[in-house]
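I have placed the structure first, in the form of structure tokens, so that the comments after it can refer back to it.
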Amino acid sequence: MAIAPDVDLSRTIKNNFGVHISTSGFLWLADEYASLWGAKWGRVYVRWSIVERNQGEYDFSRIDAVVDAYRRQGMRVLCVLGETSPVWAGAPSPEFYTSWKRFVAETVRHLHGKVDHWDVFNEIDVKYYSAMNQADQQSDLKLLDSAMDAVKAVDPTSKLVCCSTGTYAWLLYDKRLIDAGLLGKLDYVSLHPYQGTPPEEKDGVFDYSGRIDALANLIALYGRNNPIWSTEANWIMGPRGGPSINAPGIDEHTQAEFVVRVNLLSLARNVPYFLHAPFYHGQRPQLHLDTLSAYANMASLLSEARVAMKLASGPNVYALAWDTPQGTVGALWSVVAGARVRISRTAGIRFIDLYGNRLAVDPDSVPLSSEPVYFEGERGTRPSLAILDPGSGPAWQPLPTLETWGRNRRGNSSLSPCMSPKKHVMLPAWTCACAPVP
Numbered sequence: 001m002a003i004a005p006d007v008d009l010s011r012t013i014k015n016n017f018g019v020h021i022s023t024s025g026f027l028w029l030a031d032e033y034a035s036l037w038g039a040k041w042g043r044v045y046v047r048w049s050i051v052e053r054n055q056g057e058y059d060f061s062r063i064d065a066v067v068d069a070y071r072r073q074g075m076r077v078l079c080v081l082g083e084t085s086p087v088w089a090g091a092p093s094p095e096f097y098t099s100w101k102r103f104v105a106e107t108v109r110h111l112h113g114k115v116d117h118w119d120v121f122n123e124i125d126v127k128y129y130s131a132m133n134q135a136d137q138q139s140d141l142k143l144l145d146s147a148m149d150a151v152k153a154v155d156p157t158s159k160l161v162c163c164s165t166g167t168y169a170w171l172l173y174d175k176r177l178i179d180a181g182l183l184g185k186l187d188y189v190s191l192h193p194y195q196g197t198p199p200e201e202k203d204g205v206f207d208y209s210g211r212i213d214a215l216a217n218l219i220a221l222y223g224r225n226n227p228i229w230s231t232e233a234n235w236i237m238g239p240r241g242g243p244s245i246n247a248p249g250i251d252e253h254t255q256a257e258f259v260v261r262v263n264l265l266s267l268a269r270n271v272p273y274f275l276h277a278p279f280y281h282g283q284r285p286q287l288h289l290d291t292l293s294a295y296a297n298m299a300s301l302l303s304e305a306r307v308a309m310k311l312a313s314g315p316n317v318y319a320l321a322w323d324t325p326q327g328t329v330g331a332l333w334s335v336v337a338g339a340r341v342r343i344s345r346t347a348g349i350r351f352i353d354l355y356g357n358r359l360a361v362d363p364d365s366v367p368l369s370s371e372p373v374y375f376e377g378e379r380g381t382r383p384s385l386a387i388l389d390p391g392s393g394p395a396w397q398p399l400p401t402l403e404t405w406g407r408n409r410r411g412n413s414s415l416s417p418c419m420s421p422k423k424h425v426m427l428p429a430w431t432c433a434c435a436p437v438p
């Protein structure tokens with residue numbers, strides 16, 4: 001029994017959907033089934049430490065197996081160069097950079113014609129701030145710059161994607177790279193937009209669209225308009241506090257909703273989005289069936305989507321539509337309860353749920369929820385949307401007072417209410433809750 005519709009990727013020229021399954025540098029069983037998701041792109045790692053375990057000896061057999069698996073499935077390949085260095089290379093030094101550049105050149109030469117785009121290093125800001133900068137303050141810039149030059153020297157027609165970031169200061173780090181002159185060497189600028197909240201909700205400073213806007217604005221400040229790619233992200237479920245777990249409080253159905261919604265938002269902006277660890281991961285080895293079914297349904301409907309139409313873009317109701325070879329396809333959802341819309345000017349309209357099941361819905365009164373609903377119409381249709389009820393979120397409730405600040409016996413209000421004015425030592429927390437220090 002099929003859990004998701006089949007997408008013939010061999011006949012799909014282009015779509016903006018990507019998956020990132022293989023991270024080890026050698027073939028996993030899951031890589032052989034990457035096409036189940038319906039994504040045209042696969043992101044894979046070629047690890048220096050695996051290819052060149054001994055200096056000057058290159059073994060590409062493992063990455064060949066990975067790339068060939070994706071090619072057999074009709075997928076395009078975004079290959080990440082680097083990530084880990086072999087022991088013999090040591091710390092960043094002139095000899096290190098020479099060996100690194102030689103590895104990059106040999107890899108690009110070997111995989112020529114099999115890899116579509118090259119992604120230079122992965123989350124280099126994480127490596128830089130944790131260790132690399134201790135050996136050489138310019139090590140990250142030298143690694144990136146030399147790799148970009150090596151790729152273009154071997155294949156001037158190649159496309160470069162960089163520099164996927166993984167720290168909270170990602171925008172400042174991108175500015176560091178741009179100030180160093182790297183932007184002009186890139187075809188695409190990438191980011192890793194992980195967040196623990198829904199894609200429409202801010203996690204820190206930005207929501208998903210805000211991240212894209214911020215990066216686009218930074219690029220524009222330097223007189224460029226490089227397209228943006230989201231090359232790795234997901235809502236990683238698992239035990240709270242577990243390694244790399246950014247969404248411990250959600251269930252699989254909620255993950256499916258978030259993943260589909262962020263891909264719809266990304267598709268509307270023509271920003272490719274690569275779903276990381278889609279099948280499972282080390283902290284949760286169970287197969288993500290809900291997410292697989294919902295994602296594959298989305299890909300089957302929108303695989304060849306073009307000409308996005310933004311009918312509503314929040315803050316409560318979201319409505320997007322695209323032209324496809326089969327006709328007009330739209331998606332509707334709301335981030336609050338009780339929203340309802342009317343869809344008109346869509347000949348032959350029919351509705352489909354998150355997982356691909358047909359729905360009996362009156363287009364004059366479509367109830368919305370956090371679970372996207374699709375509609376299909378005849379080719380050339382230009383749908384019109386009217387919001388009948390925008391819905392409403394939960395009512396705001398004032399927080400209770402946590403503590404009361406007051407003057408101590410000396411009239412000094414600068415001391416913490418949990419600090420004794422007599423000995424200037426901290427008091428137990430339970431002694432000063434909601435009351436001034438006597």
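Under this note's numbering, the first residue of the sequence shown is numbered 1, with each subsequent residue one higher.
We put the beta carbon where it would ideally sit given N, CA and C, even for glycine.
- request: Have a look at Glu-304 and Ala-39 and give me their C-alpha separation to the nearest angstrom.
  value: 11 Å
message: If the criterion is Cβ atoms closer than 8 Å, does the pair Leu-320 and Ala-268 meet it?
response: yes
- request: Return the residue from the list Val-19, Trp-37, Ala-30 and Ser-10 that minimises the CA-CA distance to Ala-299.
  value: Trp-37
- prompt: Based on Cα-Cα distance, which residue from Ser-24, Gly-74 and Ala-34 lies nearest to Ile-50?
  reply: Ser-24
Cβ distance (whole Å) where Leu-78 is taken to contact Trp-41 below 8 Å: 6 Å
message: Just list the residues that DSSP pairs Tyr-188 with in beta bridges.
response: Val-161
query: Out of curiosity, what's the CA-to-CA distance linking Thr-12 and Arg-76?
result: Here the alpha carbons of Arg-76 and Thr-12 stand approximately 10 Å from one another.
message: Looking at the secondary structure, which residues open and close the beta strand (DSSP E) in which Tyr-374 lies?
response: 373 to 377
query: When DSSP labels each residue in this structure, what does Arg-382 get in the three-state scheme?
result: coil
Val-336 versus Ala-220: straight-line alpha-carbon distance, rounded: In a straight line, the C-alpha of Val-336 is about 34 Å away from that of Ala-220.
- request: Figure out for me which residue from Gly-338, Arg-72 and Pro-363 has the closest Cα to the Cα of Gly-348.
  value: Pro-363
task: Indicate whether Val-126 and Gly-166 have their beta-carbon atoms separated by less than 8 Å.
output: For Val-126 and Gly-166, yes; Cβs fall inside 8 Å.
query: Between which two residues does the beta strand (DSSP E) containing Thr-254 stretch?
result: First-last for Thr-254: 252 to 268, but that is the alpha helix (DSSP H), not the beta strand (DSSP E).
- request: State yes or no: is the C-beta of Cys-163 within less than 8 Å of the C-beta of Ser-146?
  value: no
- prompt: Which residues share a DSSP beta bridge with Gly-330?
  reply: Ala-321 and Phe-375
Cα-Cα separation between His-20 and His-281, rounded to whole angstroms: His-20 and His-281: Cα-Cα distance of roughly 12 Å.
- request: Determine the contact status of Val-366 and Arg-382, defining contact as a CB-CB distance below 8 Å.
  value: no
- request: Have a look at Ala-296 and Tyr-273 and give me their C-alpha separation to the nearest angstrom.
  value: 14 Å
- prompt: Nearest to Trp-118 by CA position, among Val-151, Pro-325, Gln-134 and Asp-140, is which residue?
  reply: Val-151
query: With a Cβ-Cβ cutoff of 8 Å, do Ala-339 and Val-317 count as a contact?
result: yes
message: Once DSSP output is grouped into helix, strand and coil, what is the label at Gly-210?
response: Of the three classes helix, strand and coil, the one that applies to Gly-210 here is helix, per DSSP.
- prompt: Where are the alpha helix (DSSP H) runs, 4 residues long or more, that stay fully inside the region 275 to 319, in chain order?
  reply: 289 to 302
- prompt: For Val-161 versus Thr-231, is the C-beta spacing smaller than 8 Å?
  reply: yes
field: Boundaries (first-last residue) of the alpha helix (DSSP H) holding Ser-98
entry: Note that residue 98 is Thr in the sequence shown here, rather than Ser. Run containing Thr-98: 94 to 110, per the alpha helix (DSSP H) assignment.
task: Go through its chain and collect everything with a Cβ distance to Phe-121's Cβ below 6 Å, but skip five positions before and after it.
output: Gly-82
message: My output table needs one value for Glu-232: the three-state DSSP class, helix, strand or coil.
response: strand
- prompt: Apart from the five residues just before and just after Arg-284, which ones in its own chain have a Cβ nearer than 6 Å to its Cβ?
  reply: Met-237 and Gly-238
task: Starting from Leu-78, trace the beta strand (DSSP E) both ways and give me its first and last residue.
output: 76 to 82
message: Quick check on DSSP: helix, strand or coil for Val-154?
response: helix
message: When you compare the CB positions of Ser-209 and Leu-265, do they come within less than 8 Å of one another, or not?
response: Closer than 8 Å, so yes.
query: So, helix, strand or coil for Asn-133, using DSSP?
result: helix
query: Beta-carbon separation of Glu-257 and Glu-371 under 8 Å?
result: yes
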